[in-house]
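Numbering (the numbering used here), first residue to last: 121 to 428. Written out below as structure tokens is the structure these notes cover.
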Ligand code: GLY
């Protein structure tokens, strides 16, 4: 009989450290990967210093914080998501309620907010003094349709993947999305097969970066299917990054994106479209590390078209 993999959690970006740190006690005590990824995502949602996720996330063009999140259970392919949800601090947990208490996969906008309140979530103002200040001082140009001038350090989604002692996998993904976006804009993060996919028979994959391009390429689906065909997590991430890099070259974009994967036997892979762009956090046997992923294109300039 094949031996079970060691429990592990991985998360996007340097702030993913908070996520893997919160996921670890669940995994160490024999808990479920699903509970671990929810705990990890919530830790970042609750951190007001992370301005691209949850409480303290940067608002849309009208000053409203709109959140996207999803969660997936690799043992059943159960999936839940919310999008353009305002006034609720932990969208990943609302997504879990959608998964567990409705026949649907996704709720959006006011319907999602009403559902959250019906499930006992509290309505809350998600703007902090810092994010209000950033909004007041935002570039005056509203989101345009030919690309956005955004800061490279506005890294966005926290994506968390975990494997538990039973060999089950789960993933979660949560973000406030593109700063100053048009109200109602939804990115890749809550979309199954775009921002996230998890399947116990293969592994889990998660994406972060410029949502419009990730959606166009269904990057999570690209990665999970590459792994299903026998590619390693690293090769799968390289494939998704390569497709994005090719489009950047062709269209003159500088779409920042990072790709992270965890296979069912506990191997980790990661790749950025650009070099020196995408760090990710890993925890295994209680040892926590932040690793800089390889990239394809030269490092990005600070203020670029179409990068987020
Ligand atoms: N990747 C997150 C977003 O574009 O909203």
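All residues carry an ideal CB built from backbone N, CA and C; glycine is no exception.
Legend entry - Residue nearest to residue 204 in terms of C-alpha spacing, selected from 221, 231 and 223: 231
Legend entry - Counterpart residues of residue 394 in DSSP-defined beta bridges: 417
Inset, instruction - Put residue 135 into one of helix, strand or coil per three-state DSSP. - result: coil
Inset, instruction - Could you check if residue 245 is buried or exposed, using at least 16 other CB atoms within 10 Å of its CB as the buried criterion? - result: exposed
Inset, instruction - Taking only heavy atoms of ligand 1 into account, decide whether any of them is closer than 6 Å to the Cβ of residue 171. - result: no
Inset, instruction - Put residue 184 into one of helix, strand or coil per three-state DSSP. - result: coil
Inset, instruction - Output yes if chain D places a C-beta closer than 7 Å to the C-beta of residue 142; else output no. - result: Checking the listed chains, one finds no chain D in this structure; it contains a single protein chain.
Legend entry - In chain order, each alpha helix (DSSP H) run of at least 4 residues that lies wholly inside the region 342 to 414: Counting whole runs of 4 or more residues, the region 342 to 414 contains the alpha helix (DSSP H) stretches 353 to 371.
Inset, instruction - Could you name the residues of the same chain whose beta carbon sits closer than 6 Å to that of residue 227, not counting the 5 residues immediately before and after it, in chain order? - result: Same-chain partners within the cutoff: 202, 218 and 235.
Inset, instruction - Only counting runs of 4 or more residues, tell me where the alpha helix (DSSP H) segments fall wholly within the region 184 to 249, in order along the chain. - result: 211 to 221 and 229 to 238
Legend entry - Proximity to residue 386 [Cα-Cα], best of 153, 192 and 297: 153
Inset, instruction - Figure out for me which residue from 252, 407, 404 and 414 has the closest Cα to the Cα of residue 359. - result: Checked all of 252, 407, 404 and 414; the closest Cα to residue 359 is 414.
Legend entry - Residue closest to residue 134, alpha-carbon to alpha-carbon, out of 280, 345, 393 and 372: 280
Inset, instruction - Drop a sphere of 10 angstroms on the beta-carbon of residue 197, count the other beta-carbons inside from all chains shown, and report buried for 16 or more, exposed for fewer. - result: exposed
Inset, instruction - Identify which residue in 144, 258 and 200 has its Cα closest to the Cα of residue 182. - result: 258
Inset, instruction - Mind reading off the beta-carbon distance from residue 126 to residue 305? Whole number of angstroms is fine, and I expect it under 8 Å. - result: Contact doesn't hold; Cβ gap of about 39 Å is too wide.
Legend entry - Cβ neighbour criterion (16 or more within 10 Å) applied to residue 328: buried
Legend entry - Which listed residue (248, 282 and 186) has its alpha carbon closest to that of residue 319: 282
Inset, instruction - Please report the Cβ distance between residue 333 and residue 367, rounded to the nearest whole angstrom; I am assuming they are in contact, meaning their Cβ atoms lie under 8 Å. - result: 7 Å
Inset, instruction - Going by CA-CA distance only, name the one from 350, 137, 324 and 180 that's closest to residue 412. - result: 137
Legend entry - CA nearest to the CA of residue 179, picked from 200, 206 and 376: 206
Legend entry - Pairwise C-alpha distance: residue 394 and residue 416: Approximately 5 Å, taken between the alpha carbons.
Inset, instruction - May I ask whether a heavy atom of ligand 1 can be found less than 6 Å away from the beta carbon of residue 276? - result: yes
Legend entry - Range covered by the beta strand (DSSP E) that runs through residue 324: 323 to 329
Inset, instruction - Please look up how many angstroms separate the CB atoms of residue 159 and residue 146, rounded, as I've assumed it's under 8 Å. - result: Taking C-beta atoms under 8 Å as the contact rule, residue 159 and residue 146 qualify, at a distance of about 6 Å.
Legend entry - CB of residue 211 within 7 Å of CB of residue 187, strictly: yes
Legend entry - Beta-carbon proximity of residue 129 to residue 143, cut-off 7 Å: Judged by beta-carbon spacing, residue 143 lies within the 7 Å limit of residue 129, meaning their Cβ atoms are closer than that value.
Legend entry - Buried/exposed call for residue 396, threshold 16 Cβ in 10 Å: Result: exposed.
Inset, instruction - Have a look at the DSSP bridge pairing and note the partners of residue 338. - result: Partner(s): none; residue 338 has no beta bridge.
Inset, instruction - Please check the pair residue 361 and residue 381, which I expect to be a contact at CB under 8 Å, by giving their CB distance rounded to whole angstroms. - result: Incorrect: roughly 11 Å between the Cβ atoms, too far for contact.
Inset, instruction - Could you pull the start and end residues of the beta strand (DSSP E) that residue 291 belongs to? - result: 289 to 295
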